[in-house]
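These protein sequences, in sequence, are chains W and P. Quick note: the first sequence uses the numbering used here, first residue 1, plus one each step. Quick note: the second sequence uses the numbering used here, first residue 1001, plus one each step.
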Amino acid sequence: MSHKRRSRTAAKRQLRAPVFAALGDEMRLSLVAKLCAGQPRSISQLTEGSRLTRQAVTKHLRVLESAGIVRSVHRGRETRFEFDPEPMEGMRQYLDFVSEQWNEALGRLQSFVEK
Amino acid sequence: MNDRIEKRIELKAPVSRVWRALTDYREFGEWFRVKLDGPFVPGQISRGHITYPGYENVKWEAVVQKMEPERLFSFTWHPYAVDPKMDYSKETPTLVEFRLEKTASGTLLLLTESGFEKIPAGRSSEAFRRNDGGWTEQMKNIETHVTQTP
Chain W
1 MSHKRRSRTA AKRQLRAPVF AALGDEMRLS LVAKLCAGQP RSISQLTEGS
51 RLTRQAVTKH LRVLESAGIV RSVHRGRETR FEFDPEPMEG MRQYLDFVSE
101 QWNEALGRLQ SFVEK
Chain P
1001 MNDRIEKRIE LKAPVSRVWR ALTDYREFGE WFRVKLDGPF VPGQISRGHI
1051 TYPGYENVKW EAVVQKMEPE RLFSFTWHPY AVDPKMDYSK ETPTLVEFRL
1101 EKTASGTLLL LTESGFEKIP AGRSSEAFRR NDGGWTEQMK NIETHVTQTP
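Here it is, written out as C-alpha cells:
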C-alpha cells in the first residue's frame, strides 16, 4: 500500500468515526430527519414540538456535530444546525460493502451444497 | 439508518445438508474460505485464518453463540476485520445469524448480521481500501472457479 493511500484512508477514518454510535438514538435520528429536510435550523426551532428540553436537544446536536453528521453555522448570536450527508454516505457504503461480501459468500455456499 | 444486513436465499439441498455446510468447521471453511483450527462449540471462540490468496495471514475469529440443530446457527465477530495493524478487540462485535427453514424444493436460508450501530471509529474506511485493492473482483473470480469446478 502506498503512503499516499494510507494517509487518505486515515483521513476517512477520522471523518467517519462515531457515526453509527451517534445515530443509535431515536431522538438524534429524529433530529437528523428534521435537518435532512433542508434548511438550517436553530435550537429553538428544533426544540419546538418535541418533548425534550432545549438543553437536551443541544446535547444531542453536539453528539451529531462531533460525528460530523450536522454542522453548526453561526449567524450573529444565533447558532443554526445543518445536515452534512458525507459521513452517512460513508457508512452506507460500508454496509453495502459488507452486504456484497455476504452475497459472494452465500453464492459460494449455494454452489457448495447444491453440487 | 439501516443498521443490519438481511439476506434470503433458496437452496436446492435438504436442511440437513445445509446445516452441515454451516456448522461443520471444515465444510464452513470450504465455502467461507477460512481454515479453522477446530469444531464450532457454543460459547467458545472459533479461530483460524483466511485462505484467500493474498489474505492468508489474516486471522479469523468468532464466538459461537447458538447451535440449534437444523434451525439456527449464530456467532459474533468483527465483520471483515482484515487489517493486521488494527486492533479490533475493543469493538462491539456484530451478530451473524443463519436461520434454516424447510421448503418444498429444499431449504430457505435467512442470514442476518446486526449490531452495526455499535461499530466505532473508522471501520467504514476499510470498504474503500479493500475496494481499492480489487477485493470484490477477486471474490468474483473465486466464485466463478468454484461454480465451474464443483
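Heads up, the beta-carbon is just placed ideally off N, CA and C, and yes, glycines get one too. Keep in mind it's a predicted model, so treat the numbers as computed, not measured.
Here glutamate 1117 of chain P is buried. Its C-beta has 16 or more other C-beta atoms within 10 Å. Proximity of the region 48 to 57 of chain W to the region 1002 to 1012 of chain P falls short of the contact definition, fewer than three beta-carbon pairs being nearer than 8 angstroms. When Cβ-Cβ separations below 8 angstroms define contact, glutamate 1113 of chain P makes contact with chain W. Legend: CB atoms of the region 1019 to 1031 of chain P lying less than 7 angstroms from CB atoms of chain W belong to residues Ala1021, Glu1030 and Trp1031. When DSSP reads this structure, arginine 28 of chain W sits in no beta bridge, so it has no partner. Rounded to whole angstroms, the Cβ separation of valine 70 of chain W and phenylalanine 83 of chain W is 6 angstroms, and the two are in contact under 8 angstroms. Note that the C-beta distance between phenylalanine 81 of chain W and leucine 35 of chain W is below 8 angstroms. Taking a 10 Å sphere around the C-beta of alanine 1021 of chain P, we find 16 or more other C-beta atoms and assign the residue as buried. The residue among P:Glu1097, P:Phe1075, P:Arg1033 and P:Ser1114 with its C-alpha nearest the C-alpha of glutamine 1044 of chain P is P:Phe1075. Listed along chain W are Val113 and Glu114, each with a C-beta nearer than 7 angstroms to that of alanine 1013 of chain P. Put simply, the CB of alanine 105 of chain W is near chain P, with a gap under 8 angstroms to one of its CB atoms. Between the alpha carbons of glutamate 1061 of chain P and tyrosine 1055 of chain P lies a distance of about 14 angstroms. For the region 43 to 55 of chain W, no residue has a beta-carbon sitting nearer than 9 angstroms to a beta-carbon of chain P. At a cut-off of 8 angstroms between C-beta atoms, phenylalanine 1116 of chain P counts as an interface residue with respect to chain W.
At least one C-beta of chain W is nearer than 8 angstroms to the C-beta of isoleucine 1005 of chain P. In the three-state scheme derived from DSSP, where H, G and I count as helix and E and B as strand, phenylalanine 1040 of chain P is classed as coil. In chain order, Tyr1025 place their CB closer than 6 angstroms to the CB of proline 1039 of chain P, counting only its own chain and leaving out the 5 sequence neighbours on each side. Within the region 31 to 62 of chain W, the alpha helix (DSSP H) runs of at least 4 residues that lie entirely inside it are, in chain order, 43 to 47.
Contacts between proline 1079 of chain P and chain W, judged by CB atoms closer than 7 angstroms, involve Val98 in chain order. Put simply, the CB of phenylalanine 20 of chain W is near chain P, with a gap under 8 angstroms to one of its CB atoms.
The C-beta distance from valine 1018 of chain P to serine 1046 of chain P rounds to 19 angstroms, too long to meet the 8 angstroms contact threshold. Using a Cβ distance threshold of 8 angstroms, threonine 1107 of chain P and alanine 1013 of chain P count as a contacting pair. Listed along chain W are Leu106 and Gln110, each with a C-beta nearer than 7 angstroms to that of isoleucine 1009 of chain P. Annotation for serine 1114 of chain P: Arg1004 and Leu1095 place their beta carbon closer than 6 angstroms to its own, counting only its chain and skipping 5 residues before and after.
Rounded to the nearest whole angstrom, the CA to CA distance from proline 87 of chain W to alanine 22 of chain W is 11 angstroms. By the 16-neighbour rule on beta-carbons within 10 angstroms, glutamine 101 of chain W is buried.
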